[in-house]
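What follows is a single structure, written as structure tokens, with notes after it.
Number of protein chains: 2
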Amino acid sequence: MNKTVIEKITHIVGEKYIKSSTAQLLAYSYDATANFQRLPDLVISPGNAEEIAEVIKVCNEYKMSIIPRGSGTNLAAGTVPYDGGVVILFNRMDQILNFDKENLTITVQPGIISENLCTFVEAHGLFYPPDPSSMRISTIGGNVSENSGGLRGLKYGVTKDYVKGLQVVLPNGDILETGGKLAKDVAGYDLTSLFVGAEGTLGVVTAITLKLIPLPQYKMTSIAYFESLEDAARTVSSIIANKIIPVTLEFLDKKTISAVEQYMKIGLSTDVEAMLLLEQDGEMHQVEQDVKEMVRIAEENGALFTQIAKDAQEAEQIKTARRVALSALAKLKPTVILEDATVPRSELAKMVMRINDISEKYNVNIATFGHAGDGNLHPTCLTDLRDEEEMHRVEAAFAEIFEAALSLGGTITGEHGVGEMKAPYLEWKIGPIGINVMKNIKQTFDPNHIMNPGKVFAKETKKRVVVHGGN
Amino acid sequence: MNKTVIEKITHIVGEKYIKSSTAQLLAYSYDATANFQRLPDLVISPGNAEEIAEVIKVCNEYKMSIIPRGSGTNLAAGTVPYDGGVVILFNRMDQILNFDKENLTITVQPGIISENLCTFVEAHGLFYPPDPSSMRISTIGGNVSENSGGLRGLKYGVTKDYVKGLQVVLPNGDILETGGKLAKDVAGYDLTSLFVGAEGTLGVVTAITLKLIPLPQYKMTSIAYFESLEDAARTVSSIIANKIIPVTLEFLDKKTISAVEQYMKIGLSTDVEAMLLLEQDGEMHQVEQDVKEMVRIAEENGALFTQIAKDAQEAEQIKTARRVALSALAKLKPTVILEDATVPRSELAKMVMRINDISEKYNVNIATFGHAGDGNLHPTCLTDLRDEEEMHRVEAAFAEIFEAALSLGGTITGEHGVGEMKAPYLEWKIGPIGINVMKNIKQTFDPNHIMNPGKVFAKETKKRVVVHGGN
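Set out below in structure tokens:
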């Protein structure tokens with residue numbers, strides 16, 4: 001990296017907040033995605049939006065890349081450097097700027113840890129629902145840039161449903177303010193939504209106003225085991241068809257259940273094909289009615305065994321079983337690749353069976369769990385990066401999984417983002433016209449392509465896989 | 001209009017579906033906004049997206065304007081021609097394309113009447129919440145392009161919260177598909193949200209996939225009268241502070257109540273300063289609890305008189321009182337100008353008082369009603385277009401009302417859109433950087449500025465008004 005650039009950036013941010021030794025840079029050369037690693041040139045911790053604006057101006061002048069990074073929990077290589085450049089950290093920008101109980105909003109800096117925000121508002125009887133599995137370490141800024149989902153998405157939606165306003169430093173150094181605390185605002189284009197999920201490719205988010213809702217008073221959790229995937233999937237469809245929208249409706253397949261039980265020893269039944277985790281929250285009377293009805297529906301659809309958690313502790317244990325799924329699977333093999341192919345929920349059973357068929361076809365080990373109510377599955381491949389031959393089969397299997405999801409009316413990514421990893425597949429979902437529109441938008445914001453390059457847009461789209469077997 | 005253009009368009013759409021006589025064009029020279037009128041060159045009723053794409057290509061070639069138009073209920077001159085051009089009607093594109101009870105979505109053509117869609121899904125136990133006051137005649141396409149609100153926005157949000165996917169004909173004739181039925185999808189930028197509320201300036205929406213939710217089983221309505229605006233506003237804040245989010249929380253001031261009572265003779269108290277209409281829906285037990293609690297809060301905050309509707313008929317009568325507010329006021333004077341300045345709900349009382357002060361200062365007659373829970377007010381000026389001197393005062397008063405809303409952290413338009421009418425004020429809200437970003441987006445989609453010109457972007461921003469008296 002140009003010495004002048006380093007000097008200019010150091011002058012803006014202060015030497016204390018700059019990392020440039022190889023050992024330091026290494027720590028920011030990868031994220032939670034397997035198989036992607038490249039060194040940045042510099043890692044900085046600016047103190048405010050104005051400093052970021054100055055840094056961006058310098059980077060724009062010298063055509064240096066900017067990689068905004070929260071806690072690096074990204075699963076699509078969205079925060080891995082592409083061609084060196086400056087990683088921006090938000091560890092000094094983690095404050096609550098405004099908490100407005102009357103208007104039910106909170107304005108925060110991007111570096112605040114997601115769970116800390118949730119805990120803070122819950123202490124005031126309020127609720128910020130998006131709960132990505134990484135929430136204990138992920139930042140709200142990262143959640144916004146990836147439009148993160150979570151276990152409560154079915155009832156409460158995802159991050160974008162709660163972002164009401166943003167402050168964004170644009171690639172030209174302008175500081176844009178969008179939206180605000182208002183319940184309704186139609187003054188111009190919805191720029192807020194454009195930045196949510198843009199994966200840092202259009203600007204650097206420096207402040208976020210979020211909508212809050214009243215904290216539900218009561219919740220109740222249950223599980224149901226099934227001897228067939230179809231029974232579990234039919235239960236999911238039937239719950240929705242009965243006009244119940246539970247807060248959580250999660251699915252674990254046999255392999256995932258076994259891995260979790262092996263890891264946690266909490267007494268899960270491991271001789272079943274599928275498990276559903278069902279939770280409702282809200283007013284007590286309604287919650288009890290919904291959970292009983294969901295259990296009845298599960299039994300009607302052939303559940304082998306159902307259980308309503310008798311207290312908060314038991315409920316927490318059941319939910320932890322789901323939350324640790326990835327960690328439990330990660331114990332089994334050196335490399336774990338977690339995907340998030342998503343289908344309309346009516347296609348859930350078909351999709352799980354397709355994944356199993358593809359897993360067999362390519363002789364790769366795939367366990368599947370995920371947000372059944374959202375049709376958002378996490379086929380998780382247990383493999384080993386060092387086994388090059390197997391890695392080729394893994395890649396081919398995932399390409400076919402994306403193709404299968406698309407053929408069922410689904411998408412290549414439900415909640416993880418496109419990043420660098422799925423960029424070559426994006427055109428499969430949105431088509432050449434969609435890609436063209438997105439490229440034009442990117443171009444107008446960031447003509448020098450300094451903002452998180454290599455993400456979302458691929459140099460080349462992957463050749464499509466021919467999939468046999470229709471919808 | 002160029003004869004060749006007319007011939008080409010006639011060839012695409014068919015002579016039967018073209019209107020071009022002056023009498024016919026006159027009917028499409030205005031919308032529901034007072035004081036805006038200009039003739040189009042042609043009015044067409046295409047049959048599908050492909051025809052629209054062909055028409056747009058011709059218009060792009062000859063630099064002719066396109067004005068997409070639903071039922072013309074727009075209140076910001078969003079559907080009034082600007083420099084002639086082709087008005088596109090959707091009366092032949094009003095079909096339900098797909099109703100998916102398992103995934104809780106419905107895909108429709110833009111021309112379907114909003115209320116017809118609601119009635120259809122409600123017959124299946126499902127619910128599409130956005131309910132603009134014009135829903136009996138407005139189209140879903142218009143609602144999407146304006147991101148319409150309504151009376152149920154506080155609890156259920158606005159149109160954009162339900163749009164999951166779009167088909168849009170772009171100004172270059174490309175047909176773009178965005179989103180879909182999926183509960184979660186983060187494949188690329190959120191193009192869907194960019195078109196919602198874009199007022200037809202970026203493309204022509206030709207199909208819409210909407211999210212549905214289960215129909216609430218029960219609802220309960222009540223009213224509360226107050227002798228002061230502050231008491232009413234404090235009630236609103238206190239309801240939210242007590243963690244109750246009612247479906248409807250509407251406000252009518254003294255002038256509006258009188259006009260409605262005069263119009264409907266339903267026994268409203270006319271010797272009070274303000275009335276709140278409170279409604280909750282959901283599970284019976286919860287609804288009863290919430291409504292009783294809201295009534296208690298109203299009484300605690302000095303309500304003179306409260307009443308819970310004893311049955312559906314009485315509830316309907318109360319709600320009709322709110323729904324007819326505009327029609328009732330319209331009876332009083334030849335011209336009615338309805339605005340939608342919006343503030344954070346905590347600033348409601350201040351805003352109503354500012355409106356009253358401004359009304360006195362300019363000696364204009366303004367009645368105010370609106371969505372109190374959303375901070376979305378409808379100051380409504382009763383005037384006469386033919387009185388030029390008064391119209392100048394009306395314009396000055398509204399400019400000061402916008403300025404007052406902004407100084408309280410609000411916006412110039414909560415749910416009506418910018419259109420041509422409020423375009424000169426947009427920069428007051430989003431600033432020169434916001435305008436610049438929006439202009440760049442417009443430019444990249446529509447370099448020839450054929451899509452609904454004169455809307456959103458003004459030739460010149462109004463000079464700002466100096467407002468005395470702070471927040």
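So the sequence lines, in the order shown, correspond to chains A and B.
Per the numbering used here: the first sequence = residues 1 to 471.
Per the numbering used here: the second sequence = residues 1 to 471.
Even for Gly, the Cβ is constructed at its ideal location relative to N, Cα and C.
> Where does the unbroken beta strand (DSSP E) through asparagine 242 (chain A) begin, and where does it stop?
Replying inline: Numbered from 1 along the first sequence, position 242 holds the residue referred to as residue 242 (chain A). Element bounds for asparagine 242 (chain A): n/a, residue is neither H nor E.
> So what's lysine 19 (chain B) in DSSP terms, helix, strand or just coil?
Replying inline: As a working note, residue 19 (chain B) is residue 19 in the second sequence. Note: lysine 19 (chain B) maps to strand in three-state DSSP.
> Should glutamate 420 (chain B) and lysine 455 (chain B) be called a contact, given that it needs their Cβ atoms to be closer than 8 Å?
Replying inline: Along the second sequence, read from residue 1 onward, the residue named residue 420 (chain B) stands at position 420. Along the second sequence, read from residue 1 onward, the residue named residue 455 (chain B) stands at position 455. A contact, by the Cβ cut-off of 8 Å.
> Under 8 Å Cβ-Cβ, which residues of chain B neighbour arginine 345 (chain A)?
Replying inline: Your numbering for residue 345 (chain A) matches position 345 in the first sequence. Those are Glu102, Asn103 and Ala183, listed as they occur along chain B.
> For the beta strand (DSSP E) that contains phenylalanine 99 (chain A), what are its first and last residues?
Replying inline: Along the first sequence, one-based indexing puts residue 99 (chain A) at 99. Where phenylalanine 99 (chain A) is concerned, the enclosing beta strand (DSSP E) stretches over 96–100.
> Can you tell me whether proline 491 (chain B) is buried or exposed, with buried defined as 16 or more other CB within 10 angstroms of its CB?
Replying inline: No answer is possible for residue 491 (chain B): it lies beyond the span of chain B, which begins at 1 and ends at 471.
>> According to DSSP, is methionine 1 (chain A) part of a helix, a strand, or is it coil?
In response: By one-based count along the first sequence, residue 1 (chain A) stands at place 1. Three-state DSSP puts methionine 1 (chain A) in coil, outside helix and strand.
> glycine 417 (chain A) touches chain B at which residues, Cβ-Cβ below 7 Å?
Replying inline: What you label residue 417 (chain A) is simply residue 417 of the first sequence in a count that begins at 1. Chain B residues near glycine 417 (chain A): Val186.
> Are there three or more Cβ pairs, one per stretch, closer than 8 Å when the region 257–272 of chain A is compared with the region 324–336 of chain A?
Replying inline: yes
>> Just to confirm, is the Cβ distance from alanine 372 (chain B) to valine 168 (chain B) under 8 Å?
In response: For the purposes of this step, residue 372 (chain B) is taken as residue 372 along the second sequence, with counting starting at 1. For the purposes of this step, residue 168 (chain B) is taken as residue 168 along the second sequence, with counting starting at 1. Not a contact, by the Cβ cut-off of 8 Å.
> Among residues of its own chain, excluding the 5 on either side of phenylalanine 226 (chain B), which ones have a beta-carbon nearer than 7 Å to its beta-carbon?
Replying inline: Numbered from its first residue, the second sequence carries residue 226 (chain B) at position 226. Closer than 7 Å at Cβ, skipping near neighbours: Ala232, Val272, Glu273, Ala274, Gly302, Ala303 and Leu304.
> According to a CB-to-CB cut-off of less than 8 Å, which residues of the region 211–245 of chain A neighbour chain B?
Replying inline: Ile213, Pro214, Leu215, Ser237, Ile240, Ala241, Lys243, Ile244 and Ile245
> In three-state terms, what does DSSP make of valine 479 (chain A)?
Replying inline: Lying before the first or after the last residue shown, residue 479 (chain A) is absent from chain A, which here runs from 1 to 471.
> How close, in whole Å, do the beta carbons of alanine 49 (chain A) and isoleucine 175 (chain A) come, if the pair is a contact with beta carbons under 8 Å?
Replying inline: Residue mapping note: residue 49 (chain A) aligns to position 49 of the first sequence, counting from 1. Residue mapping note: residue 175 (chain A) aligns to position 175 of the first sequence, counting from 1. That belief holds up - the Cβ atoms of alanine 49 (chain A) and isoleucine 175 (chain A) are roughly 6 Å apart, short of 8 Å.
> Using the C-alpha atoms, what's the distance from serine 20 (chain B) back to lysine 3 (chain B)?
Replying inline: Within the second sequence, the letter at position 3 stands for residue 3 (chain B). Within the second sequence, the letter at position 20 stands for residue 20 (chain B). Roughly 12 Å separates the two Cα atoms.
>> Please list, in chain order, the chain B residues whose beta carbon lies closer than 9 Å to that of valine 196 (chain A).
In response: By 1-based counting over the first sequence, the position of residue 196 (chain A) is 196. Result: Asp190 and Ser193.
> So the beta strand (DSSP E) glutamine 307 (chain B) belongs to, where does it begin and stop?
Replying inline: Here residue 307 (chain B) refers to the residue found at position 307 when the second sequence is read from its first residue. Segment 305–308, the beta strand (DSSP E) holding glutamine 307 (chain B).
>> Since tyrosine 30 (chain A) and valine 80 (chain A) should fall inside the 8 Å C-beta cutoff, what is the C-beta to C-beta distance between them, to a whole number of angstroms?
In response: As a first step, residue 30 (chain A) is located in the first sequence; it is residue number 30 there, counting from the start. As a first step, residue 80 (chain A) is located in the first sequence; it is residue number 80 there, counting from the start. Indeed they touch by this definition, with Cβ atoms about 6 Å apart.
>> If we require 3 or more residues per run, which beta strand (DSSP E) segments fall completely within the region 250–302 of chain A?
In response: 274–282
>> Pop quiz: isoleucine 401 (chain B) and proline 424 (chain B) are said to be a contact at Cβ under 8 Å. What is the actual Cβ separation, rounded to whole angstroms?
In response: Position 401 of the second sequence holds residue 401 (chain B). Position 424 of the second sequence holds residue 424 (chain B). In fact, because the Cβ distance is near 14 Å, the residues do not count as touching under 8 Å.
> Is it buried or exposed for arginine 234 (chain B), if we count other Cβ within 10 angstroms and need 16 for buried?
Replying inline: Position 234 of the second sequence, counting from 1, holds the residue named residue 234 (chain B). Looking at its Cβ environment, which holds 16 or more other Cβ atoms inside 10 Å, arginine 234 (chain B) is buried.
>> Please identify the residue among B:Glu300, B:Arg296 and B:Gln217 whose C-alpha is closest to the C-alpha of glycine 282 (chain B).
In response: Residue mapping note: residue 282 (chain B) aligns to position 282 of the second sequence, counting from 1. Taking only the C-alpha atoms, the option nearest glycine 282 (chain B) is B:Gln217.
> Listed in chain order, which residues of the region 264–294 of chain B have Cβ atoms closer than 7 Å to some Cβ of chain A?
Replying inline: Glu283, His285 and Gln286
> For threonine 335 (chain A), which three-state DSSP category applies?
Replying inline: Counting from one through the first sequence, the residue named residue 335 (chain A) turns up at place 335. Note: threonine 335 (chain A) maps to strand in three-state DSSP.
>> So, at 6 Å on beta carbons, what are the nonlocal neighbours of asparagine 98 (chain B) in its own chain, with the 5 sequence-adjacent residues on each side left out?
In response: Position 98 of the second sequence holds residue 98 (chain B). Within the same chain, asparagine 98 (chain B) has close Cβ partners Thr107.
> Is asparagine 60 (chain B) closer than 8 Å to proline 132 (chain B) when the C-beta atoms are compared?
Replying inline: On the second sequence, residue 132 (chain B) is found 132 positions in, with the first residue counted as 1. On the second sequence, residue 60 (chain B) is found 60 positions in, with the first residue counted as 1. No. Outside cutoff.
> Going by the CB atoms, is the gap between threonine 206 (chain B) and lysine 164 (chain B) shorter than 8 Å?
Replying inline: By 1-based counting over the second sequence, the position of residue 164 (chain B) is 164. By 1-based counting over the second sequence, the position of residue 206 (chain B) is 206. It is not a contact, given that the beta carbons lie outside the stated cut-off.
> What residues from chain A crowd round leucine 176 (chain B), counting only those whose CB sits closer than 7 Å?
Replying inline: Reading the second sequence from its first residue, position 176 is the one you call residue 176 (chain B). Per Cβ cutoff of 7 Å: Ile433, Gly434 and Val437.
> Between which two residues does the beta strand (DSSP E) carrying glutamine 167 (chain B) extend?
Replying inline: Here residue 167 (chain B) refers to the residue found at position 167 when the second sequence is read from its first residue. Element bounds for glutamine 167 (chain B): 163–169.
> Using DSSP with H/G/I as helix, E/B as strand and the rest coil, what is isoleucine 66 (chain A)?
Replying inline: Along the first sequence, one-based indexing puts residue 66 (chain A) at 66. Looking at isoleucine 66 (chain A) - three-state DSSP - the assignment turns out to be strand.
>> If I follow the unbroken alpha helix (DSSP H) through proline 432 (chain A), where does it start and stop?
In response: For the purposes of this step, residue 432 (chain A) is identified with residue 432 of the first sequence, where counting begins at 1. Proline 432 (chain A) -> alpha helix (DSSP H) spans 426–445.
> What residues in its chain sit with their C-beta under 6 Å from that of glycine 375 (chain A), if we drop five residues either side in the sequence?
Replying inline: Position 375 of the first sequence, counting from 1, holds the residue named residue 375 (chain A). Within the same chain, glycine 375 (chain A) has close Cβ partners Thr342, Val343, Pro344, Arg345 and Leu348.
>> Closer than 8 Å is the cut-off here; do at least three beta carbon pairs connect the region 380–393 of chain A with the region 111–119 of chain A?
In response: no
> Between threonine 192 (chain A) and the rest of its own chain, which residues show a CB-CB distance below 8 Å, the 5 nearest in sequence each way excluded?
Replying inline: One-based indexing of the first sequence puts residue 192 (chain A) at position 192. If we look at threonine 192 (chain A) and ignore the five residues flanking it on each side, its Cβ neighbours are Val163, Lys164, Gly165, Leu166, Thr178 and Gly179.
> Do we get a CB-CB distance below 8 Å when we pair leucine 385 (chain B) with the residues of chain A?
Replying inline: Taking the second sequence and counting its residues from 1, one reaches residue 385 (chain B) at position 385. Cβ-Cβ to chain A under 8 Å: no for leucine 385 (chain B).
>> Between valine 456 (chain A) and chain B, is any beta-carbon pair separated by less than 8 Å?
In response: Walking along the first sequence from the start, residue 456 (chain A) turns up at place 456. So yes, valine 456 (chain A) belongs to the interface.
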